[in-house]
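For the first sequence, UniProt numbering begins at 1 and goes up steadily by one. Just below is one structure, and these are the notes that go with it.
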Amino acid sequence: MTNQDQQEQSANSPEESNEEVSAAGEQKLIEDRLAKAAQLRDKGFDPYPPRFDRTHTSAEATKLFEYVEVMASNGVGDDAEHPRTETVRIAGRVMARRGMGKAAFIDLKDGYGSIQAFARQNTMGDEAYEIVNLLDIGDIIGVEGSVIRTRRGEISVEAQQVTVLTKAIRPLPDKWHGLQDQEIRFRQRYLDLISNDKAMKNALLRSMVVQSMRSFMHDRGFIEVETPILVPVAAGAQATPFETHHNQLDRDLYLRIATELYLKKLIVGGIERVFEIGRLFRNEGLDHDHNPEFTTIESYQAYADYNDVMSMVENMVSYIAKETTGSMVLPAVEGVRPEIDLTPPWPRLDLRAEIKKQTGIDFVETRDVESLSAAMRERNIHVEAGSAWGRLLDKVISSEVEPNLVQPHFLVDYPVEMSPLAKRKPDSDEIVERFEGFVMGTELCNAFTELNDPVDQRDRFEQQEKQRLDFGDDEADRLDEDFLVAIEHGMPPTGGLGLGIDRLTMLIAGEESIREILLFPAMRNT
RNA sequence: GGGCCUUUAGCUCAGCGGUAGAGCAUCGGACUUUUAAUCCGCAGGUCGUGGGUUCGAUCCCCACAGGGCCCA
């Protein structure tokens, strides 16, 4: 139907014209609310006023009343039978409304909790009370009045005045069931935060994790820095980078996949304890514990080795758990995990011995792709065709060893092929001083005694570049000439660490999906 | 990349080869101490999108898209 047809038809059906046209569904709800905003304006009330002087949060108002009530019970105050506070001004979002004609109860929610407001026409006056009839669930309002306890025992602000601070023109999700639709929860996280306490709890936990991590590091004399996100070479880890381009410099750049190499340049520069908390970007798929952008802490400590880092990690993680939950023992979560005890020390497991124990494979005896592949096939471990040796062993570890590590453990001493930035053990050409921390069957951190021999480091990079060519391995690490020049000037012996903050928060929150922790996880186009 | 599940009113969910249901929210009415307030009444839907089968498809089949879970 063309526009003209539609116009002609509506002209022919006058009952459908103008304000008689009833908009469908969601649009109708929006129009109803816009109409109420217009009515507020007609009565001289700005539905979006610039300022409201709040004197108390919901929590403070509740606390104030409880204090007054205790004093009244001791005979202090004008009316010991009906204690009431001084006038307070609170503000928050209308979460529920129970109207009774000339009185109404409103559940208000602010950033600190909830409190009920109680509005009566005869206390407010007819004109002021009209605002109450124009309120919708979702509106943000201010309420002025003293705090009392209602007959049913609910601490409530008895409204002298109600002010609309922000008229909401879209409805909130179901007040009882909350927001269930996972897609909307992730795409419109603000609705999740409003409707579901758990979403807010996780968001606050994430902040507390980062805060306590920072204070742990600062207490130990670490300096926090920020290094480039746009980098000419995406090195320092084995991952595929995002590519971008700087127009004026006419130069291709990448989003960093690690902060490692820049931080080690700062170690060369003499900042002996340094860390960065920041976003990394890896161009890979999404699943319950991967997101293309995620946050890590990396730290580097001169004159330390991986044993020092190991004890720092177990101390840091248990400290953060204690600070954020009050205990180093995380409670069991039904259907997710048993109780997790993060109290140090965490068991150190020799990687070679552990693989041998779980699979019978000794990676020192199966030192090439052919023999390792054969040993894997014998044990029904999937062999990805065309994989480098290190990738195959990584598969053995992730499928046969990691799942058993539910309580915190360190796997210690990795083969050199998997670890191009780690220093060899003094007594071995094949094994490096590297460990990874595991909890709940997933990797939490990765750390090593940093390779500071510039000749060996160049050789390792070259082997990674060769692996990229020989095996078509896009994720092989990249040679970074600037970094090599830096350590050719001399990097002291150093212990380094990388730890995923989103995964650490998942662990503490008892969540199985990183999407419950990231406020705005990556989503497909709609 | 493969398999399974899922998409119905603003939200939470039923449903069925014969043309759409509930609760909450909205709208109208009653109600001055409620708290999932209560009571009465009304309205609200391209049943994810596009094809196919059929006299007839929201339902069966196929493809695609979004979301979830498992595997690779």
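Where a beta carbon is used, it is the ideal one built from N, C-alpha and C, also for glycine.
Over what stretch of residues does the alpha helix (DSSP H) that includes residue i continue unbroken?
i: residue 265; result: 260-268
i: residue 191; result: 189-195
i: residue 454; result: 454-471
i: residue 67; result: 58-73
i: residue 392; result: 389-396
i: residue 376; result: 369-378
i: residue 359; result: 351-359
i: residue 123; result: 121-124
DSSP three-state call for residue i: helix, strand or coil?
i: residue 149; result: strand
i: residue 306; result: helix
i: residue 32; result: helix
i: residue 22; result: Because the pLDDT at residue 22 is just 46, under 50, the model does not fix this residue reliably, and the value given afterwards should be weighed accordingly. In this structure, residue 22 counts as coil in the three-state DSSP scheme.
i: residue 82; result: coil
i: residue 504; result: helix
i: residue 252; result: strand
i: residue 104; result: strand
i: residue 161; result: strand
i: residue 342; result: coil
i: residue 401; result: helix
i: residue 514; result: helix
i: residue 446; result: strand
i: residue 201; result: helix
i: residue 116; result: strand
i: residue 521; result: coil
i: residue 109; result: strand
i: residue 214; result: helix
i: residue 54; result: coil
Determine the burial state of residue i: buried for a count of at least 16 other Cβ atoms within 10 Å of its Cβ, exposed for fewer.
i: residue 316; result: buried
i: residue 303; result: exposed
i: residue 107; result: buried
i: residue 245; result: exposed
i: residue 389; result: buried
i: residue 230; result: exposed
i: residue 357; result: exposed
i: residue 100; result: exposed
i: residue 306; result: buried
i: residue 22; result: Interpretation of residue 22 is limited by its pLDDT of 46, a score under 50 that renders its predicted location unreliable; the figure taken from the coordinates is listed afterwards. The residue is exposed, with fewer than 16 neighbouring Cβ atoms inside 10 Å.
i: residue 545; result: Outside the modelled stretch of the chain, which goes from 1 to 526, sits residue 545, for which no answer is possible.
i: residue 523; result: exposed
i: residue 391; result: buried
i: residue 436; result: buried
i: residue 336; result: exposed
With respect to the beta strand (DSSP E) encompassing residue i, which residues constitute its N-terminal and C-terminal limits?
i: residue 499; result: 494-500
i: residue 406; result: Where residue 406 is concerned, there is no enclosing beta strand (DSSP E), given that its DSSP letter is neither H nor E.
i: residue 485; result: Segment 481-488 is the alpha helix (DSSP H) holding residue 485; no beta strand (DSSP E) there.
i: residue 96; result: 87-99
i: residue 172; result: Premise fails: residue 172 is in no beta strand (DSSP E) and is neither H nor E.
i: residue 246; result: 243-246
i: residue 257; result: Careful: residue 257 lies outside any beta strand (DSSP E) and carries neither H nor E.
i: residue 437; result: 431-439
Can you grab the Cα-Cα spacing for the pair residue i / residue j, in whole Å?
i: residue 394; j: residue 416; result: 12 Å
i: residue 220; j: residue 418; result: 30 Å
i: residue 345; j: residue 51; result: 53 Å
i: residue 374; j: residue 238; result: 25 Å
i: residue 510; j: residue 74; result: 45 Å
i: residue 84; j: residue 135; result: 26 Å
i: residue 377; j: residue 371; result: 10 Å
i: residue 160; j: residue 152; result: 20 Å
i: residue 129; j: residue 43; result: 12 Å
i: residue 249; j: residue 33; result: 51 Å
i: residue 72; j: residue 142; result: 27 Å
i: residue 144; j: residue 118; result: 11 Å
i: residue 445; j: residue 517; result: 18 Å
i: residue 277; j: residue 174; result: 38 Å
i: residue 198; j: residue 461; result: 45 Å
i: residue 441; j: residue 283; result: 23 Å
i: residue 347; j: residue 409; result: 5 Å
i: residue 194; j: residue 200; result: 8 Å
i: residue 332; j: residue 403; result: 17 Å
i: residue 48; j: residue 30; result: 16 Å
i: residue 520; j: residue 186; result: 6 Å
i: residue 292; j: residue 253; result: 17 Å
i: residue 279; j: residue 228; result: 11 Å
i: residue 352; j: residue 397; result: 10 Å
i: residue 116; j: residue 289; result: 40 Å
Query raised in the report: Taking the runs of the beta strand (DSSP E) that are 3 residues or longer, which of them lie wholly in the stretch 278-305?
Result: For the stretch 278-305, whole beta strand (DSSP E) runs of length 3 or above, ordered along the chain, are 293-302.
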